[in-house]
Amino acid sequence: MSEQEVEARRRSLDVHVVGVDPPRPVERFGQATALDAGILKALKKHGYDRPTPIQAQALPALMSGRDVLGIAKTGSGKTAAFLLPALVHAVDQPELGKGDGPIVLALAPVRELAAQILAEARKFAKPYSIRCAGVFGGASKQEQFKDLRAGAEVVVATPGRLIDLCRMKGGANLRRVTYLVLDEADRMLDMGFEAQVRSICDAVRPDRQALLFSATMPERVRRLVTDVLGDDALTITVGRPGGANADVTQAVEVVESGDVPRANWLTAKIASFVDEGEVLVFVNRKQAAVDTEALLQAAGVKCGALHGDMDQSSRQAALTAFKQGRIHVLIATDVAARGLDVPTVRTVVSLYPPTSIESHVHRIGRTGRAGQKDGRAFTLVSPDTSGKFLADLVRSLQEACQPVGSALHRLARRGGKQGYGGG
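Next comes the structure, spelled out in structure tokens:
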């Protein structure tokens with residue numbers, strides 16, 4: 001394949017690569033030469049037919065040992081992009097000795113995302129007999145301590161719990177980590193984990209291979225990239241950095257301020273939404289999640305809630321019921337739904353808008369997963385919505401080639417002194 005053909009291939013994938021001598025993207029998983037028959041069989045079994053754009057470029061980069069910054073929309077297939085090379089890397093290392101810590105360490109902002117990464121890792125680790133362990137809230141520290149002491153080549157963790165276990169006598173050590181993943185780094189920093197993340201990175205040997213995935217690139221993430229990744233790192237961008245998922249059809253509804261107009265809108269629409277697939281409804285407060293759940297249950301809708309005041313067993317029960325289709329609507333706060341990956345979600349509703357455009361991008365990324373093009377997202381805004389958010393929302397919609405209605409333009413103009421310049 002000539003250089004011109006390689007560039008044409010990247011353009012067709014909407015992939016942009018920055019860095020010296022990047023490897024060519026692959027068109028099939030079998031072209032990633034380090035993936036053996038066992039992994040290829042597992043990929044086929046679990047419905048991975050062809051690499052997504054981030055996988056097509058990140059797999060050969062990571063398998064050649066490069067550090068990678070991946071900037072991709074949510075739902076892009078990035079988990080497999082970093083897990084498959086991670087497992088190949090782990091197999092190539094000397095076996096763990098007594099008391100050795102992991103070879104692969106993946107950090108995630110919240111336990112729900114960490115649990116999903118762990119489940120994915122275990123699926124693909126079977127052909128290699130690689131042990132995978134989770135270190136995150138919702139489970140006993142002592143049990144996780146035992147898992148680490150018994151030896152696990154791959155550990156998926158949240159920053160706070162990992163530091164807790166590292167501080168325990170005879171607890172986790174990171175001396176053997178040679179493959180380090182920071183997933184959804186922007187959200188980790190948004191949630192106040194920067195000090196913990198930096199502490200963990202400092203405890204890992206400097207010659208590790210490192211990769212960082214983020215949907216957005218605020219300045220704090222850029223500084224972290226400079227400190228964590230090597231000088232020869234490749235930056236792989238899919239689509240527009242920080243952009244909304246173009247596979248999702250977006251609509252913005254302008255309603256009057258207050259809870260009642262939103263409740264009326266949702267009850268009028270919810271039956272038609274449920275007829276077409278699972279529905280994820282975002283709210284901004286725990287009480288709003290409880291109230292919206294009661295509202296929909298009174299309307300005869302099978303639904304559940306996910307928020308921070310629930311214990312882990314209740315959260316898991318609601319999530320399992322949603323994934324299995326026993327409930328059709330899940331009402332969630334942003335933190336509770338972080339990392340949620342349910343392929344059957346057809347509709348996302350932001351009943352109350354988020355505080356930042358980055359959170360908006362993450363919300364709508366819960367549908368249109370991994371290239372499915374029939375997702376849709378509704379965002380309800382009102383006269384009391386932040387002017388800055390409205391301006392950012394207009395730009396985000398325009399950049400994703402989504403329609404911007406006249407009502408939204410008018411509302412954003414009224415908040416224009418906070419930065420709207422559209423017409």
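The opening position of the sequence shown corresponds to residue 1 in full-length UniProt numbering, with each subsequent residue numbered one higher.
Here a beta-carbon is modelled for each residue, glycine too, at the ideal position from N, C-alpha and C.
In its chain, beyond the 5 residues on either side, 330, 345, 348 and 366 have a beta carbon closer than 6 Å to the beta carbon of residue 280. Restricting attention to 57, 43, 50 and 45, the CA atom closest to the CA of residue 21 is found in 57. DSSP, reduced to helix, strand and coil, places residue 166 within a helical segment of the structure shown. In the three-state reduction of the DSSP assignment, residue 267 falls in the helix class. For residue 201, the uninterrupted alpha helix (DSSP H) segment begins and ends at 194 to 203. In the DSSP annotation of this structure, residue 340 is not part of any alpha helix (DSSP H), being labelled neither H nor E. Between the C-alpha atoms of residue 87 and residue 364 there is a straight-line separation of about 30 Å. By the Cβ rule, the segment 245 to 263 does not count as touching the segment 39 to 51, because fewer than three pairs are nearer than 8 Å. Scanning 411, 384, 400 and 337 for the CA closest to the CA of residue 115 turns up 337.
In this structure, DSSP gives residue 350 an extended state, which the three-state scheme calls strand. Selection 85, 84 and 103 evaluated against residue 93 yields 103 as nearest (Cα-Cα). Using a Cβ-Cβ distance cut-off of 8 Å, the segment 205 to 225 and the segment 186 to 195 are in contact, since at least three pairs of beta carbons, one from each stretch, lie closer than that value.
Selection 269, 291, 177 and 333 evaluated against residue 201 yields 177 as nearest (Cα-Cα). Counting C-beta pairs closer than 8 Å gives fewer than three between the segment 308 to 326 and the segment 349 to 364, which falls short of the contact rule.
Between residue 84 and residue 35, the gap from beta carbon to beta carbon is short of 8 Å. When the beta-carbon positions are compared, residue 136 and residue 157 come within less than 8 Å of each other. In chain order, 109 place their CB closer than 6 Å to the CB of residue 184, counting only its own chain and leaving out the 5 sequence neighbours on each side. For residue 394, the enclosing alpha helix (DSSP H) has its first and last residue at 387 to 399.
Cβ-Cβ distances below 8 Å link residue 15 to 25, 53, 54, 56, 57, 236, 237 and 238 in the same chain, with the five nearest sequence neighbours on each side left out; the list follows chain order. Our two residues, residue 66 and residue 127, have alpha carbons roughly 24 Å apart in a direct line. Annotation for residue 145: the continuous alpha helix (DSSP H) segment containing it runs 141 to 150. Cβ contact annotation for residue 32 (same chain, cutoff 7 Å, sequence separation greater than five): 26, 59, 60 and 63, in chain order.
Partner residues in the beta bridge of residue 179, as assigned by DSSP, are 104 and 209. A straight-line Cα-Cα distance of about 17 Å links residue 294 and residue 317. Secondary structure note for residue 5: its alpha helix (DSSP H) is the uninterrupted segment 3 to 13. Cβ atoms of residue 382 and residue 254 come within 8 Å of each other, at about 7 Å. When beta bridges are read from the DSSP output, residue 250 appears opposite 377.
Membership of residue 125 in the alpha helix (DSSP H) is indicated by the continuous run 111 to 125.
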